[in-house]
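Numbering (this note's numbering), first residue to last: 36 to 204.
No residue lacks a Cβ here, since even glycine has one placed at the ideal position from N, Cα and C.
Here the structure is a predicted model, which means the values were calculated and not measured.
Structure, as C-alpha cells:
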Amino acid sequence: MRVASHSSGIVLRESVEAGDPEAIEGITRSSGFFSVEEVQVARELVEERLEKGLASGYYFVFAEKDGRVVAYACFGPIPCTAVSFDLYWIAAAEDYRGQGLGSLVLGEAERAIAKLGGRRIYVETSSKAQYEPTRSFYRRRGYVREAVLEDYYGPRDSKEIYVRVLVDV
C-alpha cells in the first residue's frame, strides 16, 4: 500500500523492500538513542520479514520522502495473546525529527493493528532521563504507563511499559 500523506509529499507504505534494512539501520543509528546491538536488531527484524514474509510476525509502516525512508514503525502480535500487539520500534531519521513523522507512522501502525484485530498496544522504553521525550510522546498519544520493572536494563535504568487500548482508530 502506498498512500500520499497531506501535502507534505510523505508517502506511507506497509510493504517491505530490499533497501529497507539499510535504511532502518541508518535511521536507528542517526537517532543517537540506540546501542550498536539495538541498531543491529532493528535491521535484523526487517531482514527476517523479507525472508519469511508475514510468517515472521513483524509488520511495518514506512514513511518516505522523495524515495528515501525517513521514518518507520515495526510492530507485531504478542504470541499467546488474542488481541495484544507490541510496538517494537518507531524512529525517524535525525534530519526529519520534530516534523510529526512519528505521530504519522504511529497512527498508521495503530490503524493497521486494529485492522489485524488488535485492541491493545504495548510499548516499552527506558526510565533514563534521555528517554523522557519518548515517554512524553507516548503519553500525548493516549498511552498509559502500565508497569515499571526496576533496574531491568541496568542499575537505575528501569523498563517502563505503556499501553494503549484501541477504540476507534
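- prompt: In chain order, which beta strand (DSSP E) runs of at least 3 residues are fully inside the stretch 38 to 114?
  reply: Listed in chain order, the complete beta strand (DSSP E) runs (minimum 3 residues) inside the stretch 38 to 114 are 45 to 48, 94 to 100 and 103 to 112.
- prompt: Taking the DSSP output, what are the residues bridged to residue 170?
  reply: As far as DSSP is concerned, residue 170 takes part in no beta bridge.
- prompt: Rounded C-beta distance between residue 45 and residue 99? I'm assuming under 8 Å.
  reply: About 7 Å; that satisfies the 8 Å criterion.
field: Length of the line joining the Cα atoms of residue 199 and residue 119
entry: The alpha-carbon atoms of residue 199 and residue 119 are separated by roughly 10 Å.
Burial state of residue 130, where buried means 16 or more other Cβ atoms lie within 10 Å: Classification for residue 130: exposed.
query: Got a sec, what are the start and stop residues for the alpha helix (DSSP H) residue 117 sits in?
result: Going by DSSP, residue 117 is part of no alpha helix (DSSP H) at all; its letter is neither H nor E.
query: Going by DSSP, what residues sit across from residue 159 in a beta bridge?
result: 196, per the DSSP bridge assignment.
field: Reduced DSSP secondary structure (H/G/I, E/B, other) of residue 191
entry: For residue 191, the secondary structure class from DSSP, reduced to helix, strand or coil, is coil.
message: Taking a contact to mean a Cβ-Cβ separation below 7 Å, would you say residue 147 touches residue 62 in this structure?
response: For residue 147 and residue 62, no; Cβs fall outside 7 Å.
field: Euclidean distance between Cα positions of residue 74 and residue 80
entry: Roughly 10 Å between the two C-alpha positions.
message: Can you tell me where the alpha helix (DSSP H) holding residue 213 begins and where it ends?
response: Residue 213 is absent from the model: the chain starts at 36 and stops at 204.
task: Would you mind stating whether residue 48 and residue 97 have Cβ atoms separated by less than 7 Å?
output: Judged by their CB atoms, residue 48 and residue 97 are nearer to each other than the 7 Å cut-off.
message: Between the stretch 52 to 68 and the stretch 77 to 92, can you find at least three pairs of beta-carbon atoms closer than 8 Å?
response: Yes, since at least three Cβ pairs between the stretch 77 to 92 and the stretch 52 to 68 fall closer than 8 Å, the two stretches touch.
- request: Please classify residue 132: does DSSP put it in a helix, a strand, or coil?
  value: The answer is coil: DSSP assigns residue 132 none of H, G, I, E or B.
message: What would DSSP say about residue 176, mapped onto helix, strand or coil?
response: If DSSP states are grouped into helix, strand and coil, residue 176 belongs with coil.
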